[in-house]
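Data block below; observations after.
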Ligand code: TMP
Ligand code: ASP
């Protein structure tokens with residue numbers, strides 16, 4: 065059988081060569097890791113959900129002026145994207161204190177930040193993705209000053225758009241991580257949003273109850289991980305595309321189809 069070429073296997077995705085030059089297939093796995101892969105597990109159905117959620121959010125963001133790598137979803141677990149040269153940064157946008165910033169600065173989780181804050185980590189597993197300053201990025205040439213300006217502008221636009229989108233379905237966007245890539249287009253270097261946006265890469269809290277609807281349920285052993293991911297998809301109106309939920313999420317989804325989710329939105 066003619067197997068397509070695998071380009072890279074990461075913690076949550078596998079990248080394959082795409083059907084045309086300059087394209088890549090992203091395959092979404094159910095595998096989950098945390099704390100630089102010290103903790104490992106699987107979240108049933110996660111790959112299918114993240115593929116669909118990421119498709120939806122990248123499509124919406126494209127329409128909102130955030131150019132990105134997404135081309136189209138191919139099947140339940142795969143999407144076709146443009147091949148970009150990944151900039152080795154994890155760009156984290158925070159609206160409310162949670163996770164590592166709480167430890168670092170002694171903040172109580174849930175404290176609203178004085179304004180949205182952008183942080184940069186150097187994308188390097190061996191070093192544990194260390195926090196860096198803008199100075200490191202330009203001094204080491206990971207991104208040029210104009211590229212960094214564009215990355216910041218696109219991150220702010222993404223935060224504004226996604227904060228509104230999630231607020232509309234009763235979810236507070238606490239923080240999230242973005243990755244960017246560069247691509248040549250008619251001799252012009254462009255920055256595109258890349259990777260994925262999903263409950264793996266965001267903190268999403270129910271506005272009313274404060275319940276966590278993201279990967280922190282896995283990181284912190286809170287249980288109901290798959291249910292939380294399904295709940296995000298349901299509120300986005302995507303559940304009918306994802307197929308049957310595992311048995312343990314039936315209670316959450318019972319009687320709440322697309323129309324209900326739309327009403328809530
Ligand atoms: P942090 O509080 O652990 O620094 O995480 C901030 C946000 O970035 C949170 O929404 C989770 C996301 N994130 C990733 O997507 N990948 C990572 O490797 C890490 C550390 C965080
Ligand atoms: N995915 C990252 C890891 O495996 C960290 C995280 O999301 O918490 O380490």
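Residue numbers (my numbering): 65 to 329.
The beta carbon of each residue, even a glycine, is placed where N, CA and C say it ideally should be.
These numbers come from a predicted model, not from an experiment.
With DSSP as the reference, identify every bridge partner of residue 245, one or two as the case may be. Along the chain shown, one-based indexing puts residue 245 at 181. For residue 245, which the question treats as bridged, DSSP gives the partners 150, 256.
Endpoints, beta strand (DSSP E) assigned at residue 139: By 1-based counting over the chain shown, the position of residue 139 is 75. Where residue 139 is concerned, the enclosing beta strand (DSSP E) stretches over 134-139.
Determine contact between the region 145-164 and the region 239-254, defined as no fewer than three beta-carbon pairs at a distance below 8 Å. Touching, yes, given that three or more Cβ pairs across the two stretches are closer than 8 Å.
Once DSSP output is grouped into helix, strand and coil, what is the label at residue 202? Residue mapping note: residue 202 aligns to position 138 of the chain shown, counting from 1. Residue 202 sits in a helix when the DSSP states are folded into three classes.
Any non-hydrogen atom of the ligand ASP closer than 6 Å to residue 114 Cβ: Counting from 1 along the chain shown, the entry for residue 114 is found at position 50. No, Cβ of residue 114 sits at least 6 Å from all heavy atoms of the ligand ASP.
Using only CA atoms, which one of 298, 122, 139, 287 lies nearest to residue 89? Residue 89 sits at position 25 when you count from the first residue of the chain shown. In this structure, 139 is the residue among 298, 122, 139, 287 with its C-alpha nearest to the C-alpha of residue 89.
Just to confirm the assignment: which complete alpha helix (DSSP H) runs, minimum length 4, are found wholly within the region 173-221? Every unbroken stretch of the alpha helix (DSSP H) spanning 4 or more residues and falling wholly within the region 173-221 is given here in chain order: 198-203.
Could you tell me if the beta carbon of residue 239 falls within a distance shorter than 6 Å of some heavy atom in the ligand TMP? On the chain shown, position 175 is the one that residue 239 refers to. Indeed, a heavy atom of the ligand TMP lies less than 6 Å from the Cβ.
How about residue 156: is its Cβ closer than 6 Å to a heavy atom in the ligand TMP? As a first step, residue 156 is located in the chain shown; it is residue number 92 there, counting from the start. Residue 156: yes, Cβ under 6 Å from the ligand TMP.
Taking only the alpha-carbon atoms, compute the straight-line gap between residue 221 and residue 262 and give it to the nearest angstrom. Within the chain shown, the letter at position 157 stands for residue 221. Within the chain shown, the letter at position 198 stands for residue 262. Computed Cα separation, rounded: 17 Å.
Cutting at 7 Å between CB atoms, please list the residues of its own chain near residue 101, excluding the five before and the five after it. Reading the chain shown from its first residue, position 37 is the one you call residue 101. Only 75 meet the Cβ criterion.
Residue 99 (DSSP reduced to helix, strand or coil): Taking the first residue of the chain shown as position 1, residue 99 is located at position 35. Correct three-state label for residue 99: coil.
Which two residues bound the contiguous alpha helix (DSSP H) that contains residue 165? Residue numbering aside, residue 165 sits at position 101 when the chain shown is read from its first letter. Run containing residue 165: 164-169, per the alpha helix (DSSP H) assignment.
Could you tell me whether the region 189-202 touches the region 289-301, using the rule of 3 or more Cβ pairs below 8 Å? As far as the Cβ criterion goes, the region 189-202 does not touch the region 289-301, which means the pair count is below three.
For the alpha helix (DSSP H) that residue 81 lies in, which residues bound it at each end? The residue you call residue 81 lines up with position 17 of the chain shown. In the DSSP assignment, residue 81 falls outside any alpha helix (DSSP H) and within the unbroken beta strand (DSSP E) covering 77-81.
Under the three-state reduction of DSSP, which class applies to residue 228: helix, strand or coil? Along the chain shown, one-based indexing puts residue 228 at 164. In the three-state DSSP reduction, residue 228 falls in the helix class (H, G or I).
So, at 7 Å on beta carbons, what are the nonlocal neighbours of residue 278 in its own chain, with the 5 sequence-adjacent residues on each side left out? On the chain shown, residue 278 is found 214 positions in, with the first residue counted as 1. 263, 266, 267, 268, 292, listed in sequence order.
Within 10 Å of its beta-carbon, does residue 249 have 16 or more other beta-carbons around it, so buried, or fewer, so exposed? Here residue 249 refers to the residue found at position 185 of the chain shown. Under this definition residue 249 is an exposed residue.
Euclidean distance between Cα positions of residue 104 and residue 251: One-based indexing of the chain shown puts residue 104 at position 40. One-based indexing of the chain shown puts residue 251 at position 187. Roughly 43 Å between the two C-alpha positions.
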